[in-house]
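**Q**
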Amino acid sequence: MEYSNIIGNLSAVFEKIFGSVEKDVFSALDEIFVIDASLLNKEPLNKIIMIDGINYMNIIAHTLILLYAIYYIFTTFISMYNGAKRGSTYKFIVKVVVIAIIASFSTYLCEVILEINSGFTYAIDSFGKKAISSELDFTALKDKIISIEDYLKEDTLSLNGIIKGMVSFGSISLLLTFAIRYVTIILLVFVSPIAIICLASDLTSGLFFTYVKALVINIFVQNIAKIVILIPLACGETSEVVYKIIMAGSIYIIYKINNYSKQLFSRITSGNIGRGDS
1370 MEYSNIIGNL SAVFEKIFGS VEKDVFSALD EIFVIDASLL NKEPLNKIIM
1420 IDGINYMNII AHTLILLYAI YYIFTTFISM YNGAKRGSTY KFIVKVVVIA
1470 IIASFSTYLC EVILEINSGF TYAIDSFGKK AISSELDFTA LKDKIISIED
1520 YLKEDTLSLN GIIKGMVSFG SISLLLTFAI RYVTIILLVF VSPIAIICLA
1570 SDLTSGLFFT YVKALVINIF VQNIAKIVIL IPLACGETSE VVYKIIMAGS
1620 IYIIYKINNY SKQLFSRITS GNIGRGDS
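Numbering of the sequence shown is given in the working numbering, commencing with residue 1370 and proceeding in unit increments.
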């Protein structure tokens, strides 16, 4: 009797969680899933980039140039003392001026990058509509899940019930992952002037390339995720256990997709594509 009560209570708790997932999580995911240039006109970026018509991050970035200049002068004096070779002062000045000008337009450059990525996203969406006559988003994925026969009536401790739990809890994990991605992109756009200024010195240029890698990966993730969403949406037979496994696997891949993208991008940038691990 106690065992039955425990099972019943667990089932009731899980049903409430599943109901919340179906009602709120997937719609919330769609709100932060696709990021485009309109991000710059939304809160909080539209409030923190320009304050009273002044971009304070640009001011901070240009202040860093003074620090680079002081460091350059200091190292030049040391090189004169110990006889070490130094680069051309003229080239340094030109380099710093060009980088400072580019940094002043960093927000516009981020907007262009977001627009280009939106083009890829639009192309994938257009393909999805032609292939399966459906939007490639989490709302469509939710509708597909709900359409599964007896999905909402499965026993929590059965195989189907466990798969249902994986889908539901995986969706909650997805929401947290994409929320982190959303905030990360906001932060990367906000600090873009400082990231560009890092190119002014060989000591900090590596930070710029790390910044670019993080920005590209986080922005491009939505395109790969849409391709993954296409897989379960394209399946016609939803009553089979195999389909439910595909659905759970798809959500897990989307959850892990940021790590996969980092690995792929690292291999591309390091020229290791096609080279086996030693």
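Where a beta carbon is used, it is the ideal one built from N, C-alpha and C, also for glycine.
Can you tell me whether aspartate 1506 is buried or exposed, with buried defined as 16 or more other CB within 10 angstroms of its CB?
**A** Reading the sequence shown from its first residue, position 137 is the one you call residue 1506. Aspartate 1506 is buried by the Cβ-count criterion.
**Q** For the structure I just gave you, are there three or more beta carbon pairs, one from the region 1555-1570 and one from the region 1414-1433, closer than 8 Å?
**A** A contact exists between the region 1555-1570 and the region 1414-1433.
**Q** Residues in the same chain with beta-carbon distance under 7 Å from glycine 1645, minus the five sequence neighbours each way, listed in chain order, please.
**A** Within the sequence shown, numbered from 1, the residue matching residue 1645 stands at position 276. Note that glycine 1645 scores 43 on pLDDT, short of 50, meaning its location in the model is unreliable and no value can be drawn from it.
**Q** Determine the DSSP secondary structure at isoleucine 1423, reduced to helix, strand or coil.
**A** Counted from its first residue, the sequence shown places residue 1423 at position 54. Note: isoleucine 1423 maps to strand in three-state DSSP.
**Q** Would you mind stating whether valine 1650 and serine 1540 have Cβ atoms separated by less than 9 Å?
**A** Residue 1650 is absent from the model: the chain starts at 1370 and stops at 1647.
**Q** Excluding the 5 residues flanking threonine 1553 on each side, which residues of the same chain have their C-beta closer than 8 Å to its C-beta?
**A** Sequence index remark: in the sequence shown, residue 1553 carries index 184 (1-based). The residues are Ala1583 and Asn1587.
**Q** Excluding the 5 residues preceding and the 5 following glutamine 1632 in the sequence, name in chain order all residues of the same chain whose CB lies nearer than 6 Å to its CB.
**A** In the sequence shown, the residue the question calls residue 1632 occupies position 263. Excluding positions up to five away in sequence, the list is empty.
**Q** Does DSSP put proline 1413 in a helix, in a strand, or in coil?
**A** Within the sequence shown, the letter at position 44 stands for residue 1413. Three-state DSSP puts proline 1413 in coil, outside helix and strand.
**Q** Checking 9 Å against the spacing of the C-beta atoms, do threonine 1508 and serine 1396 come in under that value?
**A** As a first step, residue 1508 is located in the sequence shown; it is residue number 139 there, counting from the start. As a first step, residue 1396 is located in the sequence shown; it is residue number 27 there, counting from the start. Cβ atoms of threonine 1508 and serine 1396: closer than 9 Å.
**Q** How is leucine 1482 classed by DSSP in three states: helix, strand or coil?
**A** As a position in the sequence shown, residue 1482 is number 113, starting the count at 1. First, the residue type needs correcting, since residue 1482 is isoleucine and not leucine in the sequence shown. Helix at isoleucine 1482.
**Q** Can you tell me the Cα-Cα spacing of threonine 1445 and asparagine 1592, whole angstroms?
**A** Here the question's residue 1445 lines up with position 76 in the sequence shown. Here the question's residue 1592 lines up with position 223 in the sequence shown. Distance between the alpha carbons of threonine 1445 and asparagine 1592 is about 48 Å.
**Q** Leaving out five residues before and five after serine 1473 in sequence, what residues of the same chain have Cβ atoms less than 7 Å from its Cβ?
**A** Numbered from 1 along the sequence shown, position 104 holds the residue referred to as residue 1473. Asn1427, listed in sequence order.
**Q** For the alpha helix (DSSP H) that contains valine 1597, what are its first and last residues?
**A** What you label residue 1597 is simply residue 228 of the sequence shown in a count that begins at 1. Segment 1574-1603, the alpha helix (DSSP H) holding valine 1597.
**Q** For the alpha helix (DSSP H) that contains phenylalanine 1507, what are its first and last residues?
**A** For this step, residue 1507 is matched to residue 138 along the sequence shown. Here the alpha helix (DSSP H) through phenylalanine 1507 covers 1507-1515.
**Q** For the alpha helix (DSSP H) containing alanine 1397, list its first residue and its last residue.
**A** Position 28 of the sequence shown, counted from the first residue, corresponds to residue 1397. Residues 1395-1402.
**Q** When the Cα of phenylalanine 1489 is compared with those of Ile1615, Val1585 and Thr1573, which residue comes out closest?
**A** Counting from 1 along the sequence shown, the entry for residue 1489 is found at position 120. Comparing Cα-Cα distances from phenylalanine 1489 to each of Ile1615, Val1585 and Thr1573, the minimum goes to Val1585.
**Q** Can you give the Cα-Cα distance for glycine 1643 and lysine 1625, rounded to whole angstroms?
**A** Along the sequence shown, one-based indexing puts residue 1643 at 274. Along the sequence shown, one-based indexing puts residue 1625 at 256. Caution applies to glycine 1643, whose pLDDT of 44 falls short of 50 and renders its modelled position unreliable; the model cannot decide the point.
**Q** What does the Cβ neighbour count give for asparagine 1410, buried or exposed, with the cut at 16 atoms within 10 Å?
**A** Position 41 of the sequence shown, counted from the start, is the residue given in the question as residue 1410. By the neighbour-count rule (16 or more Cβ atoms within 10 Å), asparagine 1410 is not buried but exposed.
**Q** Could you check whether the Cβ of valine 1590 sits closer than 9 Å to any Cβ belonging to chain B?
**A** Among the chains in the structure shown there is no chain B, since it carries only a single protein chain.
**Q** Could you give the DSSP three-state label for valine 1560: helix, strand or coil?
**A** Sequence index remark: in the sequence shown, residue 1560 carries index 191 (1-based). In this structure, valine 1560 counts as coil in the three-state DSSP scheme.
**Q** According to DSSP, is threonine 1458 part of a helix, a strand, or is it coil?
**A** Residue 1458 sits at position 89 when you count from the first residue of the sequence shown. Helix at threonine 1458.
**Q** In the structure shown, what three-state DSSP assignment does serine 1608 receive?
**A** Along the sequence shown, read from residue 1 onward, the residue named residue 1608 stands at position 239. Three-state DSSP puts serine 1608 in coil, outside helix and strand.
**Q** Under 8 Å by Cβ, that's how I've got leucine 1352 and aspartate 1405 pegged, so tell me the actual separation to the nearest angstrom.
**A** The shown model of the chain, from 1370 to 1647, leaves out residue 1352, and the question about it has no answer.
**Q** My assumption, with CB atoms under 8 Å, is that cysteine 1604 sits in contact with isoleucine 1615. Please give the rounded CB distance.
**A** To locate residue 1604, count along the sequence shown from 1; it is residue 235. To locate residue 1615, count along the sequence shown from 1; it is residue 246. Confirmed, about 6 Å.
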